[in-house]
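Here it is in structure tokens:
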């Protein structure tokens, strides 16, 4: 089994707010991130796939294909967007780094054919990142 | 759904690697430059990884502000701008980054309850890093 990781960057804005909470609760729980005008980050995405090396190509996965899938499924949807307002997953769900990692997993998992998705890592800043390994079986 | 969150922190401290159980020659051969009696310093980078279910109401595993406050209070206040050799935990033990990593793991494991501690990584320089994930766990994880 081999693991292969491809990185990408995207920039987006978001804010944290749960309409089920009172204004005070939102402020207490989410602090500065509750500003409804949003704020932005340069996110770094790392997609790790695993699989056996194909004896003919020598590849676990065609990197060009992986890059295209990442662009089509993730970057086209999230890069230079206001996540809360423009990305369907986040119209009713808070775009925390945790939820972004889960959403990216769900977008990519169904598009990969030969290799299996192993991990989605999303850096919100160089000091903060989330790893998602899929739903526990 | 379960996710892992990692957060990185910086602190600076000095230390001297020296064991009272070794002769002068042995200390010198074991620790080399690090045995300099005046000590020397590093900018350490601490990376703490915690896991848990993502709360459906908040979208978060736990509140990051709580972790930041905890690490500030229990780890950074303790070690930042300190000479590690003067601290009680290093009265007997040598303040190697291995031992410091184990101590920080213990502090977080015992004191921070909102999520499960997966591992502590401590980078002494850009070239050296150490990780502890509890007894036996890291090896298992890396080989699986």
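Residue numbers (my numbering), protein chains in the order written: chain A, 35 to 171; chain B, 34 to 177. Just so you know, even glycine gets a beta-carbon here, dropped at the ideal spot from N, CA and C.
For residue i, write down the residues that DSSP places opposite it in a beta bridge.
i, result
"residue 38 of chain B", "A:164, B:83"
"residue 40 of chain A", "A:81"
"residue 116 of chain A", "A:47"
"residue 159 of chain A", "A:162"
"residue 154 of chain B", "B:80, B:164"
"residue 43 of chain B", "B:78"
"residue 73 of chain A", "A:48"
"residue 116 of chain B", "B:47"
"residue 136 of chain B", "None; residue 136 of chain B has no bridge partner."
Are there 16 or more other CB atoms within 10 angstroms of the CB of residue i, so buried, or fewer, so exposed?
i, result
"residue 118 of chain A", "buried"
"residue 79 of chain B", "buried"
"residue 176 of chain B", "Here residue 176 of chain B scores only 47 on pLDDT, less than 50, and its place in the model should not be relied on; the value that follows carries that caveat. By the neighbour-count rule (16 or more Cβ atoms within 10 Å), residue 176 of chain B is not buried but exposed."
"residue 71 of chain B", "exposed"
"residue 159 of chain B", "exposed"
"residue 91 of chain B", "buried"
"residue 43 of chain B", "exposed"
"residue 62 of chain A", "exposed"
"residue 125 of chain A", "exposed"
"residue 97 of chain A", "exposed"
"residue 35 of chain A", "exposed"
"residue 90 of chain A", "exposed"
"residue 60 of chain A", "buried"
"residue 54 of chain A", "exposed"
"residue 37 of chain A", "exposed"
"residue 133 of chain A", "buried"
"residue 57 of chain A", "exposed"
"residue 98 of chain B", "exposed"
"residue 82 of chain B", "buried"
"residue 155 of chain A", "buried"
"residue 114 of chain A", "exposed"
"residue 61 of chain B", "exposed"
"residue 106 of chain B", "exposed"
"residue 165 of chain A", "buried"
"residue 17 of chain B", "Here chain B covers residues 34 to 177 and nothing more, so residue 17 of chain B does not appear."
"residue 84 of chain B", "buried"
"residue 45 of chain B", "exposed"
"residue 129 of chain A", "buried"
"residue 86 of chain A", "exposed"
"residue 73 of chain B", "exposed"
Members of the region 112-134 of chain B that neighbour chain A once the beta carbon cut-off is set at 9 Å: Within the region 112-134 of chain B, no residue places its CB atom closer than 9 Å to a CB of chain A.
Contacting positions in the region 89-101 of chain B - beta carbon closer than 8 Å to chain A: Within the region 89-101 of chain B, those residues whose Cβ lies closer than 8 Å to any Cβ of chain A are, in chain order, 90, 91, 92, 93, 94, 96, 97, 98.
Start-end ranges of the alpha helix (DSSP H) lying completely within the region 83-157 of chain A, minimum 4 residues: 97-104, 117-120, 131-143
Residues within the region 44-71 of chain A neighbouring chain B, beta-carbon criterion of under 9 Å: 50, 52, 54, 55, 63, 64, 65
Three or more C-beta pairs below 8 Å linking the region 47-65 of chain B and the region 153-160 of chain A: no
Cβ-based contacts, 7 Å cut-off: residues of the region 123-150 of chain A near chain B: 127, 128, 130, 132, 133, 135, 136
The region 116-128 of chain B touching the region 140-156 of chain B, judged by at least three CB pairs closer than 8 Å: no
Given 8 Å, three or more beta-carbon pairs between the region 104-117 of chain B and the region 126-146 of chain A: no
Residues within the region 143-167 of chain B neighbouring chain A, beta-carbon criterion of under 8 Å: Within the region 143-167 of chain B, no residue qualifies.
Residues within the region 36-48 of chain B neighbouring chain A, beta-carbon criterion of under 7 Å: 36, 37, 38, 39, 40, 41
Cβ contact (3+ pairs, closer than 8 Å) linking the region 62-80 of chain A and the region 40-49 of chain A: yes
Under 7 Å (Cβ pairs) to chain A, residues found in the region 47-81 of chain B: none
Every unbroken alpha helix (DSSP H) within the region 91-115 of chain B, with a cutoff of 4 residues, ordered by chain: 97-104
Contact list for the region 77-91 of chain A against chain B, Cβ threshold 8 Å: Using a CB distance below 8 Å, no part of the region 77-91 of chain A faces chain B.
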